[in-house]
Structures are given as C-alpha cells and as structure tokens.
Amino acid sequence: MTPQAASALLRHYALLLDLLGEDSFRARTYDNAARMLEAQAEPLDALIAQNRLQQIKGIGPGIASALIEISSRGTFSDLDAAQQKVPPGVLDLLRIEGLGVKKARVLWKEGRVTSLDELESALHQDIVSRLPGFGAKTAEKFRISLEFLKTVSGRHLRHHADRAAEAVRQSLAAIPGIQEVFFGGSLRRCLETVGDLDVLVIALPDALSSVRRSIEQHSGFTWTDTGPILRGATAARFPVELSLIPPQQAALRKVIVTGSKDHVRALLAIAARRGVDPEQLPAQSEQDVYSALGLEYVPPALRESADTVVAAGSCTFPTPVALSDIRGILHCHTPASDGHSTLRELVTAMIDKGYEYLGIADHSQAAAYAHGLTPDRVRAQWKEIDELNREVAPFRVLKGTEVDIHADGRLDFDDDLLAGFDFVIASIHTGFAMTEDEATNRLCRALENPHVDILGHATGRLLLERIGYPVNHERLIECAARHGKAIELNSNPHRLDLDWRWLAQCEAARVPVPLNPDAHIVDGLWEIRYGVEVAAKGPLTAANCPSTWPVDTFLNWCNIHTRET
C-alpha cells in the first residue's frame, strides 16, 4: 500500500471523529499525521519494515500501530468502529459547497438529515433554515449546490477513471485469448470527467465464447446485465460497459465506442449519403474508417461534436502539446505554505525526471489557512532558492508566488516585493460570492498589474464539487491578450481550470496557457499529465504553452510586459 492510500484512511478517521464531535484533539492529530505520511515516497510496507514510521513527524505509537494494521488488512479497528457510528450518507452531505463538518453534524443530529435525498426534502419543507446557525441564505446556497451535484451525478474525476481503467486492464490480462483491451468513451476523448468505462475486448472468433465466460465469472466484476454488452461495475464500484468483438470489427467499433454520439452520428450520416455500409468498410484502423468515408482523420480528443467531421484535405488539425514537450513545471507549493514535500525533494524529483526548471509558487500572507508567506519569509525563501540553485545548476529553481487577489482586485503583496519574483501567479481563493461582472473585473484588475504574469485557476471550480464563480471568459481572455499575460490550465485533476472549451480562443488571441499542476507533493508534479490530456481538446499547441519554453525564454517573456508598463 502507498503512504498516500494509508493517509486517506487516517484522514477519513479524523473526519469521522469531527462528525461525531467526540475528540477534536485526536482528530487533529490524525489529520496532521496524514499530511506528514502523504509526503513519503517509500511504500508503507518499507517504512514499517525499516521501523521508520515513528521517525515521521506527528506519528506516535498509536498511529504507527494503526498503520501497521492498515498494511495487513487495509483498515484499522478504530476506523471500523467510527464508521459504525456515522450513517454513510452523512459523509455525502460534505459534498455540498459551504457545508462543513459542524453544519453536517447539526443536520444529522438535530435535523435528522442523513443523506442528500433527505437534505433535499428538508430544504423543501423549510426545515434547514430553522436549524441553529443556518438561516434562509444558507439554505438557498445548499439548494443551489444540491442542484449542481445532480447535474454531475454519475460522473467521476479523470484520474479516478484512469486508475479504474488500469485496474481493469491488469485484471483482464490474465485471461487467455484476449488480444487487446481498448477504452473508449469520455476517457479516451480526454474529457475532464468520465461516466462509465466503455471497454472493447478484442479476441479471435474461436476464443470469444471462452473469453466471455471467463469475464462473466471474474471476481473483479459484478455484472447486472449480461446481454450483448456486459454492464456492471468493478470491484471498486466503477461502472463498466464491456463488449467482446473479433479483430475484423475493431476499427469501426473503436470509432463508435470512442464517440461522441454527435460525432458518430455525423459519420454514419455521411456513410448513408454515400450508400456505404459502415460494417463493410475495408478498414484495419480508425484512420482507414475516416479515409474510406473521404474524411480527415480526427484525433479522439477532438471528437466532441460533429463540427470536426470534415472532408479529407480540407483542414489540418493542430498538433497538441505533448508530455514530452514539457521542459519545466510552474506552480508548486512547499511546506513554507501548504505543501508537503520539501523544496529539495521537489527539485531532486524534477532533475531525476529530466526536467530543466521548477517554479515555486507558495501562497501569500492573506492565505492564513495555507500558512501564507509574509514578506520576511519570502526573502528567506529566496535565499534558500539561491543556495540551492548554486548546488543544482544547470537546473533552475524559479522564485515565484501565488499571490491572492483581494476583493477589489488589489494584490496581497506590494509592487516592490512582487518585482523581486521571477514570476507571479495571481489567484482568487476567497470571496467566491460574486456576479459575473464583479468576478471578471476583479480578475482583470489583477492582470493589469505589471508584475502579474499568470492568472491561476480562472474560475476557482472544483470538479464535481463546486461550479466556481461566474466569469466572462471573452473579456478575461481579451484582457490577458491586451496586457500580455497568461492564463494557466491548472492541471490538478480536481480543477482542470481554465476549462478546455476556451483554449482555442486563447490560441487565437495568443494568450499563453501554461500547464500547472499546482503540486503540493512530489507525486502532484506528475499530475501535469492530466492537463496535457485535456489540453488536446483545444487543442493547445506547444508554442503557446510556456511549460514547453526554455527557462530563459519564459523569464524574458515575464520581463517584457513588466518593462512595457
């Protein structure tokens, strides 16, 4: 088991303790231990075998014992006992924006609300607004958030779907006769969230029956429908739709199962107009399917609509940025603010992976919840970076900040301090209750500051959790273009913000879009891959992505708009 998986169990226990209101000190102790454990790179079993658990800050004998139990059976007795005391649906209440542990406890204990359905009923009956500490405005916020959650019901975060797909691939690898396991649907189209896993299992005709029996009996799946398409879920409850086909059907079926429905419908309409039976197309690959219909091949990420179904030779789809194009990573946090991996650990990991530079961007002082840096602490960090740069050259560590944008658009650091950074990311972290004009004006005022280089997570959204504040993207992109600024695609799979639907407009306006993982731990650095995948839907090109630029090119670009102002 990874330290991160064990850390999630410790956090879950801390959350249950908070919900029970039994022992706030114990809850904080477990939550702090979880943060320290999450930063460990070695497997949990190795830490146990080397007797190193209690060498980790915040882990005493009791938590070490829990971790040893987790290692052996995947849970621990205190967690099991706490789970028995809290109705499972109470945890779902925490998905409501603005509904924290204390309010969830009041809803549960005093409102007898133990699920999202019961919350909806309580809101309808005006029970919630009458509970202590709530009121009509709070109830209305909960109602809006609940409606949003309904719109994303059945969707899953991209990295969760990715892990589920890999588990399915490994699970099916042991079955004789399978030639290929192919994943289509929204996962392959690189959408930011995924519904079910659309799986094609390709096997020779004489092996299809035995392969199907093996899959139906496989302990890694629970099937609810065993018709032509197997429908069910993995052992981890991720929904799956699985079809078995022979190789000669693979090319067309890959196109169909990838989708989208609008895209496939347009392809089939063209085939019908030409009097072509799609099943009879002489196609060995997806490229052959498009070619046989006289069409330009469309990369999977661009198949979201019918608009990309075009005649062969009529256009060239831009080449999207690739992971291999990335030279440096910007926007990561160290323990100086709310990160968990040290500056040296982050730099060492980057050097080991062959990257050329890393941009540190710890929080500014207003972010007290994240231990934001005061000006004095900023200058101390600069000295630390200077010393490390002398040691790790030619690798470069860049001095950056993620400075908070105040409600009126002013920045959390003064211009004199901002001038000393190599680069500045400006972000909103508080005060989300804004109109579209208020939010856009606030963001644009920050972009007008000559020292700001990059706008961070433009809408503040959290996928499947909160919709974010409303933004006029056309005005925002125009403002960034006018002032020569960039808008990040925050590659954290919980954000993926800027929304990919605005990437083409950024390309047209020549607004650079760096792919920033917003990493708080070494493994978070590699979440840039999710930004790369989603960026293919723009597509975002390498030339317009500062993450692909040499470090001096990036620094010169940062200096240009400062000098011009």
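In terms of the working numbering, the sequence shown opens at residue 110 and continues consecutively.
Glycine included, each C-beta is placed from N, C-alpha and C at the ideal position.
- Message: Here's a check: name, in chain order, each residue in its chain whose Cβ is nearer than 8 Å to the Cβ of MET543, leaving out the five neighbours to either side.
- Response: Only ARG551, TYR578 and PRO579 meet the Cβ criterion.
- Item | 6 Å Cβ shell around GLN163 - same chain, five flanking residues per side excluded | Leaving aside the five residues that flank GLN163 on each side, the residues in its chain whose CB is nearer than 6 Å to its CB run, in chain order, ALA173.
- Message: Going by DSSP in three states, ASN653 sits in which element: helix, strand or coil?
- Response: Helix.
- Item | Neighbourhood of GLY263 by C-beta distance below 7 Å, restricted to the same chain and skipping five residues each side | Contacts found: GLY304.
- I think LEU240 touches VAL210, with their Cβ atoms under 8 Å apart; what is that distance to the nearest whole Å? A Cβ-Cβ distance of about 15 Å is found for the pair LEU240 and VAL210, leaving them out of contact under the 8 Å criterion.
- By Cβ distance, which residues of its chain are closer than 6 Å to GLY540, with the 5 residues on each side in sequence left out? Once the five neighbours on either side are set aside, the close Cβ partners of GLY540 are ALA516.
- So the alpha helix (DSSP H) PRO197 belongs to, where does it begin and stop? Where PRO197 is concerned, the enclosing alpha helix (DSSP H) stretches over 197-202.
- Beta-carbon proximity list for ALA345, same chain, < 6 Å, skipping 5 on both sides: Excluding its 5 nearest sequence neighbours in each direction, ALA345 has no C-beta neighbour in its own chain below 6 Å.
- Collapsed DSSP secondary structure at THR428 in the structure displayed: Coil at THR428, not helix or strand.
- Top-ranked residue by Cα proximity to ASP271, from GLY529, ARG297, ASP315 and ILE494: Closest by alpha carbon: ARG297.
- Query: Which residue's Cα is closest to the Cα of GLU545: THR568, GLY529, HIS538 and GLN490?
  - Reply: Of the residues THR568, GLY529, HIS538 and GLN490, the one whose Cα lies closest to the Cα of GLU545 is THR568.
- Kindly indicate which residue of LEU353, ALA476, LEU128 and VAL290 has the alpha-carbon position closest to the one of GLN675. No answer is possible for residue 675: it lies beyond the span of the chain, which begins at 110 and ends at 674.
- When the distance is taken between beta carbons, is SER450 closer than 9 Å to ILE630? It is a contact, given that the beta carbons lie within the stated cut-off.
- Message: Just to confirm the assignment, what range does the beta strand (DSSP E) spanning LEU306 have?
- Response: Taken as a continuous stretch (DSSP letters only), the beta strand (DSSP E) holding LEU306 covers 306-312.
- Just the C-alpha distance for GLY647 and ILE514, rounded to the nearest angstrom, thanks. In this structure, the CA atom of GLY647 is about 27 Å from the CA atom of ILE514.
- Task: Helix, strand or coil for PRO659, going by three-state DSSP, please let me know.
- Result: PRO659: coil per DSSP, three-state reduction.
- Enumerate, from N- to C-terminal direction, the unbroken beta strand (DSSP E) stretches of 3 or more residues contained entirely within the stretch 502-541. As for any beta strand (DSSP E) of minimum length 3 sitting wholly inside the stretch 502-541, the runs are 505-513 and 532-536, ordered along the chain.
- ILE438 and LEU309 look like a contact to me (Cβ under 8 Å); what is the Cβ gap, rounded to whole Å? No, ILE438 and LEU309 are not in contact; Cβ-Cβ is about 34 Å, not under 8 Å.
- Short Cβ contact (9 Å threshold) for ASP327 with ILE379: Residue 327 is actually His in this sequence, not Asp. Taking 9 Å as the cut-off, the beta carbon of HIS327 is found no closer than this to the beta carbon of ILE379.
- Item | Backbone secondary structure at ILE179 - three-state DSSP | ILE179 falls in the helix class under three-state DSSP.
- Can you tell me the Cβ-Cβ gap for GLY509 and VAL533, rounded? I've got them flagged as a contact below 8 Å. The beta-carbon separation of GLY509 and VAL533, rounded to 7 Å, stays under the 8 Å limit for a contact.
- Measure the Cβ-Cβ separation of ARG374 and ALA415 and say whether it is below 9 Å. Taking 9 Å as the Cβ cut-off, ARG374 and ALA415 qualify as a contacting pair.
- Between the beta-carbon of PRO559 and the beta-carbon of GLU301, is there less than 9 Å? Going by C-beta atoms, PRO559 is not nearer than 9 Å to GLU301.
- Task: Assess, as a yes-or-no matter, whether the stretch 242-255 is touched by the stretch 601-617 under the definition of 3 or more beta carbon pairs within less than 8 Å.
- Result: No: fewer than three Cβ pairs fall under 8 Å.
- Message: Buried or exposed for LYS166, going by 16 or more other Cβ atoms inside 10 Å?
- Response: LYS166 should be labelled exposed.
- GLY329 beta carbon less than 9 Å from that of SER280: Yes, the pair counts as a contact, with Cβ atoms nearer than the cut-off.
- Query: Going by beta carbon distance, what residues of the same chain come within less than 7 Å of GLY130, once the five residues before and after it are set aside?
  - Reply: Hits under 7 Å: ARG214.
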